[in-house]
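Shown next, in structure tokens, is the structure this report addresses.
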Amino acid sequence: MTISFKDRVAIVTGAGGGLGRAYALELARRGAKVVVNDLGGARDGTGHSDAALKVVAEIEAAGGEAMSNGGSVTEYEQMVEMVAKAKERWGGVHILINNAGVLRDKSFAKMEPADFRFVVDVHLNGSANCTKAVWDTMREQAYGRILMTASSTGLYGNFGQANYGAAKLGLAGLTKTLNLEGAKYNVRVNTIAPVAGTRMTEDLFPPEAFKAFAPENVVPAALYLVSEDAPSNMIIGAGAGAFHAAYVTMTPGVLLPESERTPEGIAAHWAEITDRSGEIVPQSGGEQSMAILKLLQGG
Ligand SMILES: NC(=O)c1ccc[n+]([C@@H]2O[C@H](COP(=O)([O-])OP(=O)(O)OC[C@H]3O[C@@H](n4cnc5c(N)ncnc54)[C@H](O)[C@@H]3O)[C@@H](O)[C@H]2O)c1
Numbered sequence: 003m004t005i006s007f008k009d010r011v012a013i014v015t016g017a018g019g020g021l022g023r024a025y026a027l028e029l030a031r032r033g034a035k036v037v038v039n040d041l042g043g044a045r046d047g048t049g050h051s052d053a054a055l056k057v058v059a060e061i062e063a064a065g066g067e068a069m070s071n072g073g074s075v076t077e078y079e080q081m082v083e084m085v086a087k088a089k090e091r092w093g094g095v096h097i098l099i100n101n102a103g104v105l106r107d108k109s110f111a112k113m114e115p116a117d118f119r120f121v122v123d124v125h126l127n128g129s130a131n132c133t134k135a136v137w138d139t140m141r142e143q144a145y146g147r148i149l150m151t152a153s154s155t156g157l158y159g160n161f162g163q164a165n166y167g168a169a170k171l172g173l174a175g176l177t178k179t180l181n182l183e184g185a186k187y188n189v190r191v192n193t194i195a196p197v198a199g200t201r202m203t204e205d206l207f208p209p210e211a212f213k214a215f216a217p218e219n220v221v222p223a224a225l226y227l228v229s230e231d232a233p234s235n236m237i238i239g240a241g242a243g244a245f246h247a248a249y250v251t252m253t254p255g256v257l258l259p260e261s262e263r264t265p266e267g268i269a270a271h272w273a274e275i276t277d278r279s280g281e282i283v284p285q286s287g288g289e290q291s292m293a294i295l296k297l298l299q300g301g
């Protein structure tokens, strides 16, 4: 079955290049009306350019419909204005891909607090700003598909990216609660952890790998996750044609008798506490307490 985005209105942040551009082009090719947001700054977030306008021109040249937006995701008012313009022209907003991002890599020892805050502000607060700006509209429409962009750094860590990793795992956390709050309104929220050869990673990949990791290879997962039949609350990794899922799990653990509720008791039972056989994937925070209650009841 063909997945179509006909008559859907999509906002893609940071769509002036890299992954965002690839998402925007394919959404438009499949019939979506696309807001191409990009501040057009350098990789570290400094400066401005007309990157978004160029992508709009590409979409229009291919027969699609798009509008550019040069607002910064860090400015909530600008995101509200962006959503208002999309609604004015196209009557709604159905899809939001929070993709805008910057890097200020340094080991934590050398990282200035300002560089920590800036990166968290763009990725985490920026995604919250855009999501907040579309949230009421999606609830009123009883339709919304939102994709957050995490990263292997957030999920698993990476030397030199403490700021980026904190923001990225924060986005996976944001996904989980918005999934719960949006469910009743047919708003589905997922996270993607891409691997792609873009300007963000150009100094990491050798030339051959850079080609294999073309952003176009991430597009299928991103578009499926914002399609009508999308799942919700998933974390999906994608790169170079490989696709996988990541989960936040919980081991069955142990209930310790009072006499063993000591640091020494934890040490003695460490293997059972961390044994992954029979682990679960909780769908809400409440499931942690439920699992504990079950243990208390002897279950
Ligand atoms: N490339 C990878 O391997 C990889 C891996 C994991 C996660 N990611 C994430 O994917 C997303 C896209 O990255 P990319 O690799 O395409 O890099 P990219 O640098 O090409 O794209 C990021 C875009 O965001 C824009 N942007 C930055 N700050 C903005 C702001 N305040 N407001 C609006 N736009 C802003 C930039 O101008 C840029 O066009 C990012 O969130 C990145 O962290 C990428």
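Just so you know, the sequence shown maps onto residues 3 to 301 in the working numbering.
Note that CB positions come from ideal geometry on N, CA and C, so glycine has one too.
Distance between residue j and residue i (C-alpha atoms, nearest Å)
i    : j    : result
A130 : R91  : 24 Å
L270 : S70  : The sequence shown places Ala at residue 270, not Leu. Their backbone Cα atoms lie some 60 Å apart in a straight line.
E204 : A64  : 27 Å
A135 : I294 : 37 Å
G243 : T200 : 16 Å
W272 : L27  : 50 Å
I282 : P254 : 8 Å
N39  : T4   : 27 Å
E115 : A174 : Residue identity check: residue 115 is Pro in the sequence provided, not Glu. Those two C-alpha atoms are separated by around 23 Å.
A247 : S261 : 40 Å
S109 : Q163 : 7 Å
T139 : G93  : 10 Å
D231 : L225 : 11 Å
G184 : L227 : 15 Å
A53  : M202 : 15 Å
Sub-8 Å separation of residue i and residue j beta-carbons
i    : j    : result
G128 : T179 : no
G66  : R31  : yes
A223 : I194 : yes
V36  : L29  : yes
N181 : S229 : no
V95  : K87  : no
L157 : N101 : no
K170 : A198 : no
I2   : V256 : No information on residue 2 is available, as it lies outside the stretch 3 to 301 that the chain covers here.
Sequence-distant residues of the same chain with beta carbon closer than 7 Å to residue i, five excluded per side
i    : result
R106 : D46, D117, F120, V121 and N165
Spatial neighbours of residue i in its chain, beta-carbon cut-off 8 Å, leaving aside the 5 residues before and after
i    : result
V104 : G43, R45, D46, G47, F120, V121, V124 and H125
H50  : L41, G42, G43 and G72
M252 : E281, I282, V283, P284, E289, Q290 and A293
Chain-order list of residues whose beta-carbon lies under 6 Å from that of residue i (same chain, five-residue window excluded)
i    : result
I99  : V14, Y25 and L149
E266 : none
Test: residue i CB closer than 8 Å to a CB of chain B
i    : result
Q285 : Of the chains in the structure shown, none is chain B; there is only one protein chain.
At least three beta-carbon pairs within less than 8 Å, the segment 7-26 to the segment 231-241: no
Cβ contact check for the segment 129-147 and the segment 189-207: 3 or more pairs under 8 Å: yes
Inside the segment 209-254 only - alpha helix (DSSP H) runs reaching at least 4 residues: 209-214 and 221-227
Contained beta strand (DSSP E) runs [length at least 3] in the segment 23-105, N- to C-terminal order: 35-39, 67-71 and 97-99
Every unbroken beta strand (DSSP E) inside the segment 96-159 [3 residues or more]: 97-99 and 146-151
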